[in-house]
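>
Numbering (this note's numbering), first residue to last: 83 to 292.
What follows is the structure, given as structure tokens:
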């Protein structure tokens, strides 16, 4: 529950930093989630977002941005206050980059929410790791593409990759997904190694296909 007295104290602190400013009277362009963490103030034709957390934490120079630079506010909230945009909300490039790195470093235990400190769950996680052979998986995918004479781009289909990840999260975690270029290179390499019409026919694939 909001404390009116505390809110008043924070507002007084805000305007000690921004003398001559007032709360904004403009309701336009306030749909960004960052406004939940910022004061909306104005002076003449200038309008700014001021970090509420900086004010509450009595930071000597509260961070603030022009109301048209809310991507910067989003980056600041993530980097300095560890506040993330929720799913469905616009994320800053800083958050997107961090999430990409986190995803790359997720383990099977993270994905399946297993606790390695518990012997039973530790054994389950190790079993998943040992039972997935990335090279064998990729050979199976390559063989399926070739035998079915499918486009190399099939391996980049997001729905297909989602199915593979559903069946085994290890596919993404262990870097098992193939790109079309990698698939093409591997098939061409194998054909060149054998270098006989019989083996080329066995692949049954148009090497000029996508």
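Glycine included, each C-beta is placed from N, C-alpha and C at the ideal position.
(1) Threshold first: 4 residues or longer. Then list the alpha helix (DSSP H) segments lying entirely within the stretch 218-242, N to C.
(2) Assuming residue 143 is part of the alpha helix (DSSP H), what are its boundary residues?
(3) Beta-carbon within less than 7 Å of residue 291's beta-carbon, same chain only, minus the 5 sequence neighbours each way: which residues are those?
(4) Less than 8 Å between the C-beta atoms of residue 158 and residue 134, yes or no?
(5) Who are the near neighbours of residue 129 in its chain, counting only those whose CB is closer than 8 Å to its CB and skipping five residues on each side?
(6) Could you check the C-alpha separation between residue 173 and residue 261 for me, to the nearest Å?
(7) Report the option in 269, 252, 259 whose CA atom is closest to the CA atom of residue 228.
(8) Is the stretch 249-258 touching the stretch 207-222 in the sense that three or more CB pairs, one from each, lie closer than 8 Å?
(9) Please state if the CB of residue 103 and the CB of residue 116 are separated by a distance shorter than 8 Å.
(10) Write down the C-beta distance between residue 137 and residue 92 rounded to the nearest angstrom, noting that I regard them as a contact closer than 8 Å.
(11) Since I believe residue 170 is in contact with residue 220 (beta carbons under 8 Å), could you give me their beta-carbon distance rounded to a whole number of angstroms?
(12) Do residue 152 and residue 114 have their CB atoms nearer than 8 Å?
(13) State the beta-bridge partners of residue 275 as determined by DSSP.
(14) What separation, rounded to the nearest whole angstrom, lies between the Cα atoms of residue 247 and residue 200?
(15) Return the CA-CA distance between residue 142 and residue 94, expressed in angstroms with no decimal places.
(16) Output the boundary residues of the alpha helix (DSSP H) element that contains residue 255.
(17) Return helix, strand or coil for residue 107, following the three-state DSSP convention.
(18) Let me check understanding here. Comparing Cα to Cα, which of 175, 146, 272 lies closest to residue 96?
(19) Please identify the residue among 161, 100, 243 whose C-alpha is closest to the C-alpha of residue 125.
(20) Which class does residue 97 belong to by DSSP, given the choice of helix, strand or coil?
(21) Going by the DSSP bridge assignment, what does residue 130 pair with across the sheet?
Taking the geometry as given:
(1) none
(2) Looking at the DSSP string, residue 143 is not in any alpha helix (DSSP H), and its letter there is neither H nor E.
(3) Its pLDDT being 43, under 50, residue 291 is placed unreliably by the model, and the measurement read from it follows with that caveat. Closer than 7 Å at the Cβ level, and outside the excluded window around residue 291, lie 233, 234.
(4) no
(5) 106, 108, 122, 123, 148, 149
(6) 27 Å
(7) 269
(8) yes
(9) no
(10) 6 Å
(11) Residue 220 to residue 170, Cβ: 34 Å. No contact.
(12) yes
(13) Its beta-bridge partners do not exist; DSSP assigns none.
(14) 25 Å
(15) 14 Å
(16) 252-255
(17) coil
(18) 146
(19) 100
(20) helix
(21) 123, 148
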